[in-house]
Every structure is written in structure tokens, then in C-alpha cells.
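Have a look at the structure below, then the notes.
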Amino acid sequence: QKEVEQDPGPLSVPEGAIVSLNCTYSNSAFQYFMWYRQYSRKGPELLMYTYSSGNKEDGRFTAQVDKSSKYISLFIRDSQPSDSATYLCAMVATGAGSYQLTFGKGTKLSVIP
Amino acid sequence: GAGVSQSPSNKVTEKGKDVELRCDPISGHTALYWYRQSLGQGLEFLIYFQGNSAPDKSGLPSDRFSAERTGGSVSTLTIQRTQQEDSAVYLCASSLALAGRARDYEQYFGPGTRLTVT
Chain A
1 QKEVEQDPGP
11 LSVPEGAIVS
21 LNCTYSNSAF
31 QYFMWYRQYS
41 RKGPELLMYT
51 YSSGNKEDGR
61 FTAQVDKSSK
71 YISLFIRDSQ
81 PSDSATYLCA
91 MVATGAGSYQ
101 LTFGKGTKLS
111 VIP
Chain B
1 GAGVSQSPSN
11 KVTEKGKDVE
21 LRCDPISGHT
31 ALYWYRQSLG
41 QGLEFLIYFQ
51 GNSAPDKSGL
61 PSDRFSAERT
71 GGSVSTLTIQ
81 RTQQEDSAVY
91 LCASSLALAG
101 RARDYEQYFG
111 PGTRLTVT
């Protein structure tokens with residue numbers, strides 16, 4: 001079983017829809033959780049991060065972490081065509097002066113006008 | 001401030017040639033990472049540098065790959081005797097430090113170098 005699982009999609013939604021992107025993980029040591037957005041032919045850009053269970057909101061984006069289920073989500077409200085990109089989850093486990101950052105494979109999202 | 005920059009943005013090379021890819025991290029970031037991203041694939045970790053410590057080379061796929069970081073800033077990834085399977089986008093990222101604060105783990109990526117081996 002991979003440490004981080006993410007459905008690659010592609011996911012296609014109409015403009016204005018609510019989008020739900022998810023990752024599951026198996027390593028209980030993961031403490032910090034991030035979402036990156038990657039436009040075509042660009043490097044990933046950090047969208048949101050959180051380090052506790054619960055919700056974190058930033059504009060149209062909400063990151064949700066459920067450590068008991070080892071499940072994280074990113075919700076996009078009122079989705080726009082400009083949200084079309086690949087979304088990667090990333091997780092950090094720390095310990096003894098080092099850390100491990102693991103990325104999901106990314107979900108490709110298309111928002112259709 | 002300036003973000004992470006990489007050069008060249010595109011590189012086409014013949015099989016068997018050596019290539020050098022350059023990364024300029026964000027000023028003040030002590031940690032620097034190299035990743036490879038093949039078409040439709042996730043990010044494959046290659047190597048990371050933290051300050052003056054010995055680099056973590058555990059992700060390098062073969063001894064044809066090497067990297068160095070001079071003066072704790074600019075880094076060069078070298079691929080010797082390139083093969084067609086080396087064709088990918090090579091991404092560099094930097095972060096503040098390993099000081100144990102949550103924001104220190106946030107990695108900021110450059111635009112990548114698209115390498116094509118013919």
C-alpha cells in the first residue's frame with residue numbers, strides 16, 4: 001500500500017460546482033498536511049497547509065483533515081475555469097532532526113465554463 | 001521577493017550527452033530539493049540539501065545523477081550519459097529550514113526544466 005493515495009482523475013465539473021479532492025494515507029506519523037496547485041507547464045504552488053484535524057478556510061478553499069480516518073480533503077466552492085489544474089496533496093512526518101515529505105500523485109481538475 | 005528560479009526552462013539533448021540544470025532558491029531558504037516529474041506522474045524525490053549538512057541522496061535513480069550546492073545557495077543537478085527515460089520535468093524547491101515550525105516545511109517550487117532526450 002502506498003503511503004499516500006490520491007485519485008488521479010481526471011475530474012471534470014461545470015463552473016460554479018463544489019469540488020471535493022481527497023487523499024488517504026497510511027503513515028500515522030504524518031503531522032502536517034498541504035495542498036499544492038499545479039498549472040500546466042508550471043511548478044506546483046502551495047495553496048493551503050494545516051497541522052491539525054478539522055477545517056481551515058481560505059476564500060473559496062477549505063482544507064479538511066481527519067487524522068482518525070487518515071483522510072484529507074480540499075473543497076473548492078463556486079469553482080471557476082481558472083481553478084483548472086492538477087491538485088497535489090503533501091504530507092510531512094518529522095522526527096530526530098529530519099523530516100519526510102510525501103506527495104500524492106495529483107488529481108487533474110477541469111472546470112468547464 | 002523573487003521566487004525559485006531554474007534554468008534552462010527547456011533542454012533538448014542527444015542520448016549519451018551530459019546535462020546540467022540550475023536552481024536558484026529563495027534568498028534565506030536553507031533547504032533545497034530536487035524532484036523529477038514524468039508525464040502524468042507525481043513528484044519523484046531526488047535529493048535534498050539542508051544547510052551545510054551532507055545531502056540526502058536517497059532518491060537519485062542511478063549514479064549518472066549527481067547534484068551539488070555551492071555556498072549554500074545555487075544548486076546544479078547533473079545527469080551524465082543521458083538516456084531517453086531521463087526525459088521529464090526537473091523541479092527544484094526550497095524551504096526555510098528544519099527548525100520544527102510548521103511553515104518551515106512549506107516548499108516553494110520553481111517553474112521546472114523540461115528535459116527531452118532524443
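The listed protein sequences correspond, in order, to chains A and B. What the first sequence shows, in my numbering, is residues 1 to 113, in sequence order. What the second sequence shows, in my numbering, is residues 1 to 118, in sequence order. Ideal Cβ positions, reconstructed from N, Cα and C, are used throughout, including at glycine. Treat the numbers as computed from the prediction; the structure is a model and nothing was measured.
Nearest residue (CA-CA) to residue i, options the options
{"i": "I79(B)", "options": "S73(B), L96(B), T113(B), F109(B)", "result": "T113(B)"}
{"i": "S110(A)", "options": "D58(A), F30(A), L11(A)", "result": "L11(A)"}
{"i": "S53(A)", "options": "A63(A), S26(A), K108(A), G106(A)", "result": "A63(A)"}
{"i": "I47(B)", "options": "C92(B), E85(B), D18(B)", "result": "C92(B)"}
{"i": "T50(A)", "options": "K2(A), K67(A), E3(A)", "result": "K67(A)"}
{"i": "T116(B)", "options": "G110(B), Y105(B), S87(B), S94(B)", "result": "S87(B)"}
Alpha-carbon to alpha-carbon, residue j and residue i
{"i": "V19(A)", "j": "R77(A)", "result": "7 Å"}
{"i": "K56(A)", "j": "L88(A)", "result": "17 Å"}
{"i": "T13(B)", "j": "P61(B)", "result": "19 Å"}
{"i": "Y108(B)", "j": "S26(A)", "result": "25 Å"}
{"i": "T24(A)", "j": "E5(A)", "result": "5 Å"}
{"i": "L96(B)", "j": "L21(B)", "result": "22 Å"}
{"i": "S82(A)", "j": "I112(A)", "result": "10 Å"}
{"i": "K70(A)", "j": "Q31(A)", "result": "11 Å"}
{"i": "D37(A)", "j": "Q37(B)", "result": "The sequence given here has Arg at residue 37(A), not Asp. Roughly 14 Å between the two C-alpha positions."}
{"i": "V19(B)", "j": "T30(B)", "result": "25 Å"}
{"i": "K57(B)", "j": "G59(A)", "result": "39 Å"}
{"i": "K2(A)", "j": "W34(B)", "result": "21 Å"}
CB of residue i within 8 Å of CB of residue j, strictly
{"i": "G16(A)", "j": "S79(A)", "result": "yes"}
{"i": "Y39(A)", "j": "A85(A)", "result": "yes"}
{"i": "T76(B)", "j": "G16(B)", "result": "no"}
{"i": "S21(A)", "j": "L74(A)", "result": "According to the sequence provided, residue 21(A) is Leu. The question's Ser does not apply to it. Yes, Cβ-Cβ distance for L21(A) and L74(A) is below 8 Å."}
{"i": "N52(B)", "j": "G28(B)", "result": "no"}
{"i": "G42(B)", "j": "F103(A)", "result": "yes"}
{"i": "F49(B)", "j": "G59(B)", "result": "no"}
**Study point:** Secondary structure, beta strand (DSSP E): runs of 3+ residues fully inside the region 43-97 of chain B
**Key:** 43-50, 65-69, 75-79, 88-95
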